[in-house]
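A.B. asks: Residue numbers (the numbering used here): 116 to 704.
I'd like to ask some things about the structure below.
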């Protein structure tokens with residue numbers, strides 16, 4: 116992602132610093148113009164275009180590229196088009212120097228670098244028309260916009276095989292403006308990729324000379340003098356660098372001569388031989404600003420694997436946890452609800468008094484801080500799956516009280532509640548429907564939360580359409596888990612034997628809760644029976660009045676051997692007997 120490594124030339128420099136070959140960097144000789152350039156350039160905003168260079172080449176023959184150029188472009192997946200376009204692509208990938216060529220016969224008058232005017236458009240080389248505004252930097256002539264500066268040229272002034280006179284442009288552009296314009300217009304071009312990372316400012320004019328020489332060698336023609344506007348070198352950056360900084364930051368010893376060799380191969384210039392040296396940063400490394408950046412350059416060539424492992428120092432006493440117990444519970448609760456498709460809503464602290472009274476507030480006695488507690492809640496409206504959010508169903512299942520119960524139990528489990536001790540009793544808070552709600556508690560004195568459909572009166576006060584299901588869990592009331600003597604987790608015990616599942620359906624009185632049957636089945640053998648779930652509750656045809664059918668799945672996990680049919684049947688008989696004893700239920704035929 117470094118600016119100098121967006122071209123083969125920069126990558127070769129890095130490889131040579133790592134002793135993987137000799138870096139060849141032939142000098143680029145300036146091209147002397149044979150006549151003045153007839154096209155002048157005006158830059159209206161130097162912050163958008165710090166530098167601009169232009170040259171005209173007359174009498175070119177824009178035919179196919181030579182084989183060597185076509186092969187190089189094809190090897191990186193680029194399709195050769197014509198000599199002028201292929202030369203600009205070669206410069207982009209070889210030297211990380213994007214250029215643009217205009218057909219001089221299609222350019223009217225002089226060029227100006229300016230902000231686009233509202234309402235202006237450009238038919239670009241990709242065949243799309245873009246609407247521009249004053250945030251876009253463009254190159255324009257007397258007719259209008261000819262190019263999106265640093266991103267893409269226009270179709271109207273593009274070169275073709277009939278082009279005989281060509282304007283070659285090499286410029287510097289504001290990285291932030293290029294990135295903003297590219298994202299806004301949705302254009303991802305090779306030029307944008309390089310300009311928004313920064314290009315070598317000192318190579319702006321040499322890059323123009325190099326491209327001119329390629330055009331003359333391949334297409335012929337006579338060059339004009341250069342038109343150069345703005346800064347062509349960039350700013351000088353000198354860093355005072357203590358040699359000991361490498362040891363201090365990276366923990367490795369690198370001799371000064373080795374530092375000089377590495378930095379010299381990377382294009383840095385060093386002066387001094389004492390404990391501190393002055394380092395001149397090359398123009399193509401705008402990402403290097405301080406001592407730590409210099410250390411990084413040295414270490415990555417020496418090898419990151421040479422950096423020793425150094426553990427952090429620990430104090431004499433064990434570090435205390437940063438988050439409190441309630442903060443940890445709140446974080447886990449949020450993650451659990453987000454995993455179930457919910458989105459957190461941060462609402463105003465103050466609500467209308469009728470709404471506050473509806474949910475048990477509104478009185479002055481509730482204004483005291485000691486009466487406040489931490490709670491987590493959730494709401495599902497209409498369908499359990501809505502517009503791609505929430506749970507995933509094969510259809511649009513209506514959300515009901517059981518959905519809210521499932522969400523509440525998932526939250527409680529994530530918050531560390533003792534799930535085996537939870538009880539669910541009919542009825543809930545006053546804002547819930549009395550016949551379609553439940554209370555989650557541990558014994559009659561410790562209520563952990565509520566779930567169910569909202570009361571019709573609550574829907575009316577809230578001006579909400581039903582059905583609306585909700586739940587509330589009071590995190591403060593979840594009992595703290597007993598502290599273990601050691602922080603080490605117990606060893607993981609995985610049984611090598613296949614678990615066994617059996618289904619049972621019981622006929623019970625309508626007043627019997629499903630949780631009573633689940634607890635009765637689990638109590639038969641807590642080590643063997645690992646899970647009991649309810650998968651069906653039925654009232655209707657075939658079931659006498661006042662009764663209902665509750666079906667459960669019991670999962671048994673043997674530890675010592677595979678269970679035989681006789682052993683499975685024996686456990687099943689004990690489950691039937693225990694359910695009959697605790698609930699009066701009978702096995703459904």
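Every residue, glycine too, gets a C-beta built ideally from N, C-alpha and C.
If the criterion is Cβ atoms closer than 7 Å, does the pair residue 523 and residue 588 meet it?
C.D. replies: Here residue 523 is taken as the residue at index 408 of the chain shown, counted from 1. Here residue 588 is taken as the residue at index 473 of the chain shown, counted from 1. Taking 7 Å as the Cβ cut-off, residue 523 and residue 588 qualify as a contacting pair.
A.B. asks: Taking DSSP as the reference, what is the three-state secondary structure of residue 120?
C.D. replies: If you number the chain shown from 1, residue 120 lands on position 5. Correct three-state label for residue 120: helix.
A.B. asks: Run through the DSSP bridge pairs and tell me what residue 565 is partnered with.
C.D. replies: To locate residue 565, count along the chain shown from 1; it is residue 450. The partner list for residue 565 (beta bridge, DSSP) reads 554 and 587.
A.B. asks: Rounding to the nearest angstrom, what Cα-Cα distance links residue 166 and residue 305 in this structure?
C.D. replies: What you label residue 166 is simply residue 51 of the chain shown in a count that begins at 1. What you label residue 305 is simply residue 190 of the chain shown in a count that begins at 1. Cα-Cα distance, rounded: 20 Å.
A.B. asks: What ranges does the alpha helix (DSSP H) occupy inside the stretch 311-349, keeping only unbroken runs of at least 4 residues that lie completely in it?
C.D. replies: 319-334
A.B. asks: Quick check on the burial criterion: 16 or more other C-beta atoms within 10 angstroms. Buried or exposed for residue 311?
C.D. replies: For the purposes of this step, residue 311 is identified with residue 196 of the chain shown, where counting begins at 1. Counting Cβ neighbours within 10 Å, residue 311 comes out buried, since at least 16 surround it.
A.B. asks: Answer yes or no: do residue 460 and residue 530 have a C-beta to C-beta separation smaller than 7 Å?
C.D. replies: Working through the chain shown from its first residue, we reach residue 460 at position 345. Working through the chain shown from its first residue, we reach residue 530 at position 415. No, they are not a contact pair.
A.B. asks: To which residues of the same chain is residue 391 closer than 8 Å at the C-beta, ignoring the five residues directly before and after it?
C.D. replies: Looking up residue 391 in the chain shown gives position 276. So the list reads 355, 356, 357 and 358, once near-sequence residues are dropped.
A.B. asks: Give me the Cα-Cα distance between residue 503 and residue 457, rounded to the nearest whole angstrom.
C.D. replies: In the chain shown, residue 503 corresponds to position 388, counting from 1. In the chain shown, residue 457 corresponds to position 342, counting from 1. Caution is warranted here: a pLDDT of 40 is assigned to residue 503, below 50, making its placement in the model unreliable, and the coordinate value is therefore given only provisionally. Cα to Cα, the separation comes out at about 11 Å.
A.B. asks: Could you check the C-alpha separation between residue 594 and residue 654 for me, to the nearest Å?
C.D. replies: Here the question's residue 594 lines up with position 479 in the chain shown. Here the question's residue 654 lines up with position 539 in the chain shown. Taking the straight line joining both Cα atoms gives about 37 Å.
A.B. asks: Between which residues of its own chain and residue 412 is the CB-CB distance below 8 Å, once the five residues before and five after are set aside?
C.D. replies: Here residue 412 refers to the residue found at position 297 of the chain shown. The residues are 377, 378, 381, 383 and 403.
A.B. asks: Distance, Cα to Cα, residue 555 vs residue 586?
C.D. replies: Position 440 of the chain shown, counting from 1, holds the residue named residue 555. Position 471 of the chain shown, counting from 1, holds the residue named residue 586. Straight-line Cα distance between these residues: approximately 10 Å.
A.B. asks: Excluding the 5 residues preceding and the 5 following residue 538 in the sequence, name in chain order all residues of the same chain whose CB lies nearer than 6 Å to its CB.
C.D. replies: To locate residue 538, count along the chain shown from 1; it is residue 423. Cβ neighbours of residue 538 beyond the five flanking positions: 556.
A.B. asks: Okay, do the stretch 329-346 and the stretch 177-195 touch, 3+ Cβ pairs below 8 Å being the bar?
C.D. replies: Flag = yes, the stretch 329-346 and the stretch 177-195 touch.
A.B. asks: Counting only runs of 4+ residues fully inside the stretch 632-697, write out the alpha helix (DSSP H) ranges in chain order.
C.D. replies: none
A.B. asks: Considering only residues of the stretch 128-167, which uninterrupted beta strand (DSSP E) runs meet the minimum length of 3 residues and lie entirely inside it, listed in chain order?
C.D. replies: Entirely contained in the stretch 128-167, the beta strand (DSSP E) runs reaching 3 residues are, in chain order, 156-158.
A.B. asks: Residue 469 and residue 576 - do their beta-carbons sit closer together than 7 Å?
C.D. replies: On the chain shown, position 461 is the one that residue 576 refers to. On the chain shown, position 354 is the one that residue 469 refers to. In this structure, residue 469 lies closer than 7 Å to residue 576 by Cβ.
A.B. asks: Answer with buried or exposed for residue 442, where buried requires no fewer than 16 other C-beta atoms within 10 angstroms of its C-beta.
C.D. replies: Stepping through the chain shown from its first residue, residue 442 is reached at position 327. Classification for residue 442: exposed.
A.B. asks: Count the other CB atoms, across all protein chains shown, that sit within 10 Å of the CB of residue 535; report buried if there are 16 or more and exposed otherwise.
C.D. replies: The residue you call residue 535 lines up with position 420 of the chain shown. That one is exposed.
A.B. asks: Among the residues of its own chain, which have a CB less than 7 Å from the CB of residue 629, if the five just before and after it don't count?
C.D. replies: Translated into positions along the chain shown, residue 629 becomes position 514. Excluding positions up to five away in sequence, the list reads 649, 652 and 665.
A.B. asks: Are residue 348 and residue 272 closer than 7 Å when you measure CB to CB?
C.D. replies: For the purposes of this step, residue 348 is identified with residue 233 of the chain shown, where counting begins at 1. For the purposes of this step, residue 272 is identified with residue 157 of the chain shown, where counting begins at 1. Taking 7 Å as the Cβ cut-off, residue 348 and residue 272 do not qualify as a contacting pair.
A.B. asks: Where do the N-terminal and C-terminal ends of the beta strand (DSSP E) with residue 571 fall, by residue?
C.D. replies: Along the chain shown, read from residue 1 onward, the residue named residue 571 stands at position 456. Run containing residue 571: none in the beta strand (DSSP E); it sits in the alpha helix (DSSP H), 571-577.
A.B. asks: Between residue 546 and residue 474, is the Cβ-Cβ spacing less than 7 Å?
C.D. replies: Taking the chain shown and counting its residues from 1, the one referred to as residue 546 is at position 431. Taking the chain shown and counting its residues from 1, the one referred to as residue 474 is at position 359. Yes, they are a contact pair.
A.B. asks: Does the stretch 137-152 come within contact of the stretch 242-255, defined as at least 3 CB pairs closer than 8 Å?
C.D. replies: no
A.B. asks: Where does residue 357 fall in DSSP's three states?
C.D. replies: Counting from one through the chain shown, the residue named residue 357 turns up at place 242. It is a strand residue.
A.B. asks: Exposed or buried, what is residue 398 when buried is set at 16 or more other beta-carbons lying within 10 Å of its beta-carbon?
C.D. replies: The residue you call residue 398 lines up with position 283 of the chain shown. Buried.
A.B. asks: Under a Cβ-count criterion, where at least 16 other Cβ atoms within 10 Å of its own Cβ denotes burial, should residue 118 be classed as buried or exposed?
C.D. replies: By 1-based counting over the chain shown, the position of residue 118 is 3. Result: buried.
A.B. asks: Measure the alpha-carbon distance for residue 408 versus residue 375 and round it to whole angstroms.
C.D. replies: As a working mapping, residue 408 is identified with position 293 in the chain shown. As a working mapping, residue 375 is identified with position 260 in the chain shown. Each residue's CA atom was taken as its position, placing residue 408 and residue 375 some 15 Å apart.
A.B. asks: State the start and end residues of the unbroken beta strand (DSSP E) segment that holds residue 373.
C.D. replies: Taking the first residue of the chain shown as position 1, residue 373 is located at position 258. Not the beta strand (DSSP E): residue 373 falls in the alpha helix (DSSP H), residues 371-380.
A.B. asks: Taking all protein chains shown into account, do 16 or more other C-beta atoms lie within 10 angstroms of the C-beta of residue 277, making it buried, or fewer, making it exposed?
C.D. replies: Residue numbering aside, residue 277 sits at position 162 when the chain shown is read from its first letter. Counting the other Cβ atoms within 10 Å of the Cβ of residue 277 gives fewer than 16, which makes it exposed.
A.B. asks: Determine which residues share a DSSP beta bridge with residue 624 and list them.
C.D. replies: The residue you call residue 624 lines up with position 509 of the chain shown. DSSP lists 662 as partners of residue 624.
A.B. asks: Would you call the stretch 183-197 and the stretch 285-296 touching, i.e. three or more CB-CB distances under 8 Å?
C.D. replies: no
A.B. asks: Do residue 639 and residue 674 count as a contact pair if the criterion is CB distance below 7 Å?
C.D. replies: Here residue 674 corresponds to residue number 559 of the chain shown, with the count starting at 1. Here residue 639 corresponds to residue number 524 of the chain shown, with the count starting at 1. The answer is no: Cβ separation not under 7 Å.
A.B. asks: Taking only runs that begin and end inside the stretch 421-459, name each unbroken alpha helix (DSSP H) of 4 or more residues, in chain order.
C.D. replies: 440-454
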